[in-house]
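Residue numbers (the working numbering): 558 to 901.
Yeah, the Cβ is synthetic: ideal placement off N, Cα and C, and Gly gets one too.
Just so we're clear, the structure is a prediction, and the values are computed from it rather than from any experiment.
This report refers to the structure that appears directly beneath it.
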Amino acid sequence: MPLKGKIIVLRFSAMGDVAMVASVLREFSVQNPEVKLVMVSRAAFKPFFDEIEKLTFHAIEPKTLHKGILGLYKLYNELRKYKPTAIADLHDNLRSRILSTLFRLGAYKIERIDKGRLEKRELTRSENKILKPLKQTVERYADVFRALGFNLKLSHQLVRLVKKMPATAEQLLLAKNVKRIGISPFAQHIFKVYSYNKMEKVIQGLDSLGFEIFIFGGGNEEKAIAEGWKNQFKNVKNLIGKFTLREELDIIANLDVMLSMDSAGMHMASLMGIPVVSIWGPTHPYAGFLGYGQSITDCIQIDHPNRPNSIYGNKPCLCGVFPCIDLISPESVLNKVKERVENG
558 MPLKGKIIVL
568 RFSAMGDVAM
578 VASVLREFSV
588 QNPEVKLVMV
598 SRAAFKPFFD
608 EIEKLTFHAI
618 EPKTLHKGIL
628 GLYKLYNELR
638 KYKPTAIADL
648 HDNLRSRILS
658 TLFRLGAYKI
668 ERIDKGRLEK
678 RELTRSENKI
688 LKPLKQTVER
698 YADVFRALGF
708 NLKLSHQLVR
718 LVKKMPATAE
728 QLLLAKNVKR
738 IGISPFAQHI
748 FKVYSYNKME
758 KVIQGLDSLG
768 FEIFIFGGGN
778 EEKAIAEGWK
788 NQFKNVKNLI
798 GKFTLREELD
808 IIANLDVMLS
818 MDSAGMHMAS
828 LMGIPVVSIW
838 GPTHPYAGFL
848 GYGQSITDCI
858 QIDHPNRPNS
868 IYGNKPCLCG
878 VFPCIDLISP
888 ESVLNKVKER
898 VENG
């Protein structure tokens with residue numbers, strides 16, 4: 558018999574991975590309405606879970622309150638108060654393993670994600686590479702709940718959420734009957750980023766077509782780059798640092814298409830049901846990190862025997878003099894975005 562009661566779900570980072578968890582829990586909650594969920598992640602990621610009924614969000618503060626072994630023991634005691642039935646470890650890192658061990662010592666049922674590390678090494682190694690699609694990360698998340706005894710069938714479909722634009726962003730949408738394109742041109746790892754000069758040509762092309770363009774994601778350095786594009790092109794709006802994550806999600810819900818790297822921007826758009834045209838370099842959608850409900854036909858990448866050579870994009874490209882991501886022409890990106898807009 559499936560478990561009932563409360564299930565504690567652990568996934569602390571990274572941003573895109575946590576957004577994918579939200580996509581899975583949304584479907585889990587619908588298919589298992591008798592179960593309550595306690596999502597444990599960083600406080601900043603709480604907006605990803607706002608639409609999920611019977612879910613309580615519990616923030617982990619790894620740099621302060623929950624730092625070190627004693628901090629994790631404090632978190633364990635906080636979570637025990639929910640009287641959980643089981644623990645779903647969707648992270649499998651040192652923190653989540655320590656926390657899971659504490660629960661196991663307390664005779665709680667624990668299931669942990671199988672990340673498929675061997676398969677991923679075979680996919681990214683230089684010699685005898687095995688190039689084949691691996692299990693999607695969202696299915697690996699779902700397997701944890703299946704191992705706990707729940708029925709869970711993921712639809713892998715985009716479900717567009719209807720959201721009102723935040724009042725603070727309404728002035729951005731002055732034009733009516735204009736297609737809105739979000740661009741998330743930055744990533745945590747520089748090797749996953751399409752060169753700024755080529756992205757600028759893509760933006761120039763989209764701007765000339767009269768699309769409204771919204772730039773998302775990044776810190777002060779990226780904000781300065783986006784501000785330069787805003788000043789250069791009349792239809793570009795720079796959103797970096799101006800809105801909360803909740804507000805950004807609501808703005809994304811009002812887009813027609815998102816253009817993104819293999820990054821959190823893709824997963825945020827997926828969560829709001831927005832189609833994504835994605836650009837891939839040393840990473841590959843075969844590794845299982847394509848946005849939930851997205852189509853591989855909307856992925857832009859080149860074929861090369863050394864691709865992929867990285868799962869997370871933290872390693873440089875091994876495709877020769879030029880990074881493989883920069884062998885993608887701005888024209889091909891522009892045409893794919895236009896095609897996706899036209900197809901709706």
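query: Spatially closest choice to N811 from S827, G663, A643, I617, by CA coordinates; result: S827
query: Among A732, V814, G822, nearest to V898 - alpha-carbon criterion; result: V814
query: K794 burial status per 10 Å Cβ neighbour count (16 or more: buried); result: buried
query: Three or more C-beta pairs below 8 Å linking the region 745-759 and the region 835-848; result: yes
query: Whole-angstrom distance between L729 and K686, CA atom to CA atom; result: 47 Å
query: Minimum length 3: unbroken beta strand (DSSP E) runs contained in the region 747-788; result: 769-772
query: Helix, strand or coil at F602 according to DSSP, with G and I counted as helix; result: helix
query: M558 in three-state terms, based on DSSP; result: Unreliable placement is indicated for M558, whose pLDDT of 47 sits below 50; no coordinate value is reported for it.
query: Nearest neighbour of S586, chosen from N777, H746, L709, L567 [CA to CA]; result: L709
query: Nearest to N734 (by Cα), restricted to the options S741, R717, E769, I760; result: E769
query: N- and C-terminal bounds of the alpha helix (DSSP H) containing F702; result: 694-704
query: Other residues of its chain near N589: CB distance less than 6 Å, five sequence neighbours each side excluded; result: F707
query: Same chain, Cβ closer than 7 Å to E889, neighbours up to 5 away in sequence not counted; result: Sequence check: residue 889 is Ser here, not Glu. Within the same chain, S889 has close Cβ partners I857.
query: Minimum C-alpha distance to S570 - residue among F614, N650, A645; result: N650
query: Rounded straight-line distance, which links the Cα of V833 to that of K620; result: 33 Å
query: Sequence-distant residues of its chain with Cβ nearer than 7 Å to A601 (five each side left out); result: L802
query: Residues bridged to N863 [DSSP beta-bridge criterion]; result: Answer is none; N863 lacks a bridge partner.
query: Member of E804, E584, Q745 whose CA lies at the smallest distance from the CA of F702; result: E584
query: Start-to-end residues for the alpha helix (DSSP H) that takes in D574; result: 572-588
query: Own chain residues within Cβ distance below 6 Å of H824, not counting five before or after; result: G573, A576, M577, G848
query: Entirely enclosed beta strand (DSSP E) segments - the region 827-895, minimum 3 residues; result: 833-836
query: According to DSSP, residues forming a beta bridge with G628; result: According to DSSP, G628 bridges with nothing at all.
query: Given F743 as reference, the closest of V719, P723, F773 once Cα atoms are compared; result: F773
query: At least three beta-carbon pairs within less than 8 Å, the region 710-717 to the region 752-765; result: no
query: Under 8 Å between C-beta atoms of K561 and E610; result: no
query: Chain-order list of residues whose beta-carbon lies under 7 Å from that of H623 (same chain, five-residue window excluded); result: I617, L629, K631, L632
query: Nearest-angstrom Cβ-Cβ length linking C881 and I853, presumed shorter than 8 Å; result: With a Cβ gap of about 17 Å, C881 and I853 do not count as contacting.
query: Backbone CA spacing between T658 and H648 [nearest angstrom]; result: 14 Å
query: Inter-residue spacing [alpha-carbon to alpha-carbon] between A643 and V597; result: 13 Å
query: Cβ pair V878, V695 closer than 8 Å; result: no
query: Inter-residue Cα distance where the pair is L891 and N777; result: 27 Å
query: CB-CB length for N736 against D807, believed under 8 Å; result: The question names Asn, but residue 736 is Lys in the sequence shown. 18 Å between Cβ atoms; not a contact.
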